[in-house]
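**Student:** Take this structure first; my questions come after.
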Amino acid sequence: MKIVVLDGQCLNPGDLTWDAFAAQGELEVYDISNPENVLKRSAGATALITNKTVLHAETMDRLPDLRYIGILATGVNVVDCDAAKKRNIVVSNVPKYSTASVVQCTFAHLLNLSFHLASHQAEVAAGAWAKSRDFCFWKTTPVELAGKTFGIVGLGTIGKAVAQVAHAFGMKTIAYGPRLKEGTQIVDGLSIDCVSLDRLARESDVISLHCPLTTNNRGMIGADFLDKVKPTAFLINTARGPLIDEPALADALNRGAIAGAGLDVLSTEPPGPDNPLIGAKNCFITPHIAWATYESRARLMQIAAENLAMFLKGTPQNRV
Numbered sequence: 008m009k010i011v012v013l014d015g016q017c018l019n020p021g022d023l024t025w026d027a028f029a030a031q032g033e034l035e036v037y038d039i040s041n042p043e044n045v046l047k048r049s050a051g052a053t054a055l056i057t058n059k060t061v062l063h064a065e066t067m068d069r070l071p072d073l074r075y076i077g078i079l080a081t082g083v084n085v086v087d088c089d090a091a092k093k094r095n096i097v098v099s100n101v102p103k104y105s106t107a108s109v110v111q112c113t114f115a116h117l118l119n120l121s122f123h124l125a126s127h128q129a130e131v132a133a134g135a136w137a138k139s140r141d142f143c144f145w146k147t148t149p150v151e152l153a154g155k156t157f158g159i160v161g162l163g164t165i166g167k168a169v170a171q172v173a174h175a176f177g178m179k180t181i182a183y184g185p186r187l188k189e190g191t192q193i194v195d196g197l198s199i200d201c202v203s204l205d206r207l208a209r210e211s212d213v214i215s216l217h218c219p220l221t222t223n224n225r226g227m228i229g230a231d232f233l234d235k236v237k238p239t240a241f242l243i244n245t246a247r248g249p250l251i252d253e254p255a256l257a258d259a260l261n262r263g264a265i266a267g268a269g270l271d272v273l274s275t276e277p278p279g280p281d282n283p284l285i286g287a288k289n290c291f292i293t294p295h296i297a298w299a300t301y302e303s304r305a306r307l308m309q310i311a312a313e314n315l316a317m318f319l320k321g322t323p324q325n326r327v
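Heads up, the sequence shown is in my numbering, so the first residue is 8 and it goes up one at a time.
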């Protein structure tokens, strides 16, 4: 059986091994594949493994040997899953591998925003503390999280884990989701108020996005939403970039209508130099690394290999 990894470099830049895949068939690994070479590289493959390389129906039509597509991620938008189903091609993804790392990144952004860590470090490097007459120095007053309201958009596996950490900081948690019934709910032992999106915007001191991208929520954090938030609020996005209307957020940040944003994802990745959030006031952007800890990627690799093994046994797991 021929197994082709179309874009393996992001998952494995050299610190992991593909041995678990190689043990299951004839393996070819490519660091990255462009649209023009996907067909040539995929010819004769029974299994294709992809991270961000898009697989359209037209591509599947020209790969008669293809029986399995393994996605090296949780999101499945890179594969036309309806087309795969019609062609009896099994598609599997890797859920829940990065929960701990995404939670950690979420609070890394929040701690930076609340204590202004990056700006204070820059001031120290510029000599401002050395010139201070007092033993301590700050330009912007830090914010204590205890007692503040943490608003979670999307109360799935990651959202629930984020709620646990917010609770440990002494924060009140509220949540919004299109399927959540409004009212107080006990979630994993925590009391969480499930509210409307409008109420979450108005009451939250921290707003953190943990929902999948759908046709209905694209640009949900737009001008109307941002007009409702507190000027002292922080926005964090470790979910999907297109959830945010980027020009609207940049405008709100630059006007001081929102206190700051910590973003690990953008609408286009890598971003163009004209992205309005690059250089926006109090906007801190990390390059889609919430999932990228060694531990998280090792779990992804293991589960992805197990997905392929279970398909070969005739009992697919994590089937989309």
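Note that CB positions come from ideal geometry on N, CA and C, so glycine has one too.
Rounded to a whole number of angstroms, what is the C-alpha to C-alpha distance between residue 12 and residue 48?
**Tutor:** Working through the sequence shown from its first residue, we reach residue 12 at position 5. Working through the sequence shown from its first residue, we reach residue 48 at position 41. In a straight line, the C-alpha of residue 12 is about 9 angstroms away from that of residue 48.
**Student:** By Cβ distance, which residues of its chain are closer than 6 angstroms to residue 166, with the 5 residues on each side in sequence left out?
**Tutor:** Reading the sequence shown from its first residue, position 159 is the one you call residue 166. Cβ within range, chain order: 159 and 217.
**Student:** Any idea what DSSP makes of residue 301, helix, strand or coil?
**Tutor:** One-based indexing of the sequence shown puts residue 301 at position 294. Residue 301 falls in the helix class under three-state DSSP.
**Student:** Return the Cβ separation of residue 220 and residue 249 in integer angstroms, given the expectation that the two are a contact with Cβ distance under 8 angstroms.
**Tutor:** One-based indexing of the sequence shown puts residue 220 at position 213. One-based indexing of the sequence shown puts residue 249 at position 242. Indeed, because the Cβ distance is near 6 angstroms, the residues count as touching under 8 angstroms.
**Student:** Of all the options 210, 301, 63 and 314, which has the alpha carbon lying nearest to the alpha carbon of residue 155?
**Tutor:** On the sequence shown, residue 155 is found 148 positions in, with the first residue counted as 1. That would be 210, whose Cα lies nearest to the Cα of residue 155.
**Student:** Using a threshold of 8 angstroms, state whether the C-beta atoms of residue 152 and residue 180 are closer than that.
**Tutor:** The residue given as residue 152 occupies position 145 in the sequence shown. The residue given as residue 180 occupies position 173 in the sequence shown. Cβ atoms of residue 152 and residue 180: not closer than 8 angstroms.
**Student:** Once the 5 residues before and after residue 284 are set aside, which same chain residues still bring their CB inside 6 angstroms of it?
**Tutor:** Residue numbering aside, residue 284 sits at position 277 when the sequence shown is read from its first letter. Hits under 6 angstroms: 253, 257 and 290.
**Student:** Whether or not the segment 105 to 114 and the segment 297 to 304 are in contact is what I'm after, with contact meaning three or more pairs of Cβ atoms, one per stretch, closer than 8 angstroms; do they touch?
**Tutor:** Touching, per the Cβ criterion.
**Student:** Do you know offhand how far residue 46's Cα is from residue 144's?
**Tutor:** To locate residue 46, count along the sequence shown from 1; it is residue 39. To locate residue 144, count along the sequence shown from 1; it is residue 137. Residue 46 and residue 144: Cα-Cα distance of roughly 59 angstroms.
**Student:** Here's the rule: buried if 16 or more other CB atoms are within 10 angstroms of the residue's CB, otherwise exposed. What is residue 15?
**Tutor:** As a first step, residue 15 must be located in the sequence shown, where it is residue number 8. The residue is buried, with at least 16 neighbouring Cβ atoms inside 10 Å.
**Student:** By how many angstroms is the C-alpha of residue 84 removed from the C-alpha of residue 222?
**Tutor:** Numbered from 1 along the sequence shown, position 215 holds the residue referred to as residue 222. Numbered from 1 along the sequence shown, position 77 holds the residue referred to as residue 84. Whole-angstrom Cα-Cα distance: 12 angstroms.
**Student:** Curious, which full-length beta strand (DSSP E) runs of at least 3 residues does the segment 166 to 235 contain?
**Tutor:** As far as the segment 166 to 235 is concerned, its whole beta strand (DSSP E) runs of at least 3 residues are 179 to 183, 190 to 194, 197 to 201 and 213 to 216.
**Student:** Tell me the rounded alpha-carbon separation between residue 61 and residue 67.
**Tutor:** Position 54 of the sequence shown, counted from the first residue, corresponds to residue 61. Position 60 of the sequence shown, counted from the first residue, corresponds to residue 67. Between residue 61 and residue 67, the C-alpha separation is close to 11 angstroms.
**Student:** Quick one: what's got a C-beta closer than 7 angstroms to residue 131's C-beta in the same chain, skipping five residues either side?
**Tutor:** Walking along the sequence shown from the start, residue 131 turns up at place 124. Taken in chain order, the list of residues that qualify is empty.
**Student:** Among residues of its own chain, excluding the 5 on either side of residue 150, which ones have a beta-carbon nearer than 7 angstroms to its beta-carbon?
**Tutor:** Counting from one through the sequence shown, the residue named residue 150 turns up at place 143. Correct list, in chain order: 121.
**Student:** Which residues share a DSSP beta bridge with residue 4?
**Tutor:** Here the chain covers residues 8 to 327 and nothing more, so residue 4 does not appear.
**Student:** Can you find the residues in the same chain that come closer than 7 angstroms, C-beta to C-beta, to residue 104, ignoring five residues on each side of it along the sequence?
**Tutor:** What you label residue 104 is simply residue 97 of the sequence shown in a count that begins at 1. Closer than 7 angstroms at Cβ, skipping near neighbours: 303, 306, 307 and 310.
**Student:** How about residue 18 and residue 44: do their beta carbons lie closer than 8 angstroms?
**Tutor:** In the sequence shown, counting from the first residue as 1, residue 18 sits at position 11. In the sequence shown, counting from the first residue as 1, residue 44 sits at position 37. Contact flag unset, no.
**Student:** Hey, would you say residue 318 sits closer than 8 angstroms to residue 97, going by beta carbons?
**Tutor:** Residue mapping note: residue 318 aligns to position 311 of the sequence shown, counting from 1. Residue mapping note: residue 97 aligns to position 90 of the sequence shown, counting from 1. A contact, by the Cβ cut-off of 8 angstroms.
**Student:** What residue from 177, 89, 203 and 230 has the CA that sits closest to residue 187's CA?
**Tutor:** In the sequence shown, residue 187 corresponds to position 180, counting from 1. For residue 187, the nearest C-alpha among the options comes from 203.
**Student:** Quick test of your reading: residue 70 and residue 101, contact by CB under 8 angstroms. State the CB separation rounded to the nearest angstrom.
**Tutor:** Counting from one through the sequence shown, the residue named residue 70 turns up at place 63. Counting from one through the sequence shown, the residue named residue 101 turns up at place 94. Going by Cβ atoms, the distance from residue 70 to residue 101 rounds to 22 angstroms, so no, they are not a contact pair.
**Student:** For residue 93, does the three-state DSSP call read helix, strand or coil?
**Tutor:** Taking the first residue of the sequence shown as 1, we reach residue 93 at position 86. Reduced to three states, the DSSP call for residue 93 is helix.
**Student:** Do the CB positions of residue 123 and residue 147 come within less than 8 angstroms of each other?
**Tutor:** The residue you call residue 123 lines up with position 116 of the sequence shown. The residue you call residue 147 lines up with position 140 of the sequence shown. Their beta carbons are under 8 angstroms apart, which means residue 123 touches residue 147 by this criterion.
**Student:** On the criterion of 16 or more Cβ atoms from any shown chain inside 10 Å, does residue 243 qualify as buried, or is it exposed?
**Tutor:** Here residue 243 refers to the residue found at position 236 when the sequence shown is read from its first residue. By the 10 Å Cβ count, residue 243 comes out buried.
**Student:** Please check if any C-beta of chain B sits within less than 8 angstroms of the C-beta of residue 230.
**Tutor:** Reference to chain B is not applicable here, since this structure consists of a single protein chain.
**Student:** Measuring alpha carbon to alpha carbon, tell me which residue in 21, 26, 99 and 42 is nearest residue 337.
**Tutor:** Here the chain has residues from 8 to 327 only, and residue 337 is not among them.
**Student:** Output the distance between the C-alpha atoms of residue 178 and residue 157, rounded to the nearest integer angstrom.
**Tutor:** Numbered from 1 along the sequence shown, position 171 holds the residue referred to as residue 178. Numbered from 1 along the sequence shown, position 150 holds the residue referred to as residue 157. Each residue's alpha carbon lies about 6 angstroms from the other.
**Student:** Check residue 319 in the structure and name its three-state DSSP category.
**Tutor:** Along the sequence shown, read from residue 1 onward, the residue named residue 319 stands at position 312. If DSSP states are grouped into helix, strand and coil, residue 319 belongs with the helices.
**Student:** Can you name, in chain order, every residue of its own chain whose Cβ lies under 7 angstroms from the Cβ of residue 39, other than the five neighbours on each side?
**Tutor:** Here residue 39 corresponds to residue number 32 of the sequence shown, with the count starting at 1. Taken in chain order, the residues that qualify are 14 and 16.
**Student:** Would you say residue 26 and residue 52 are within 8 angstroms of each other, going by their C-beta atoms?
**Tutor:** Mapped onto the sequence shown, residue 26 falls at position 19. Mapped onto the sequence shown, residue 52 falls at position 45. No, they are not a contact pair.
**Student:** In angstroms with no decimal places, state the Cα-to-Cα distance between residue 268 and residue 129.
**Tutor:** Within the sequence shown, the letter at position 261 stands for residue 268. Within the sequence shown, the letter at position 122 stands for residue 129. Each residue's alpha carbon lies about 18 angstroms from the other.
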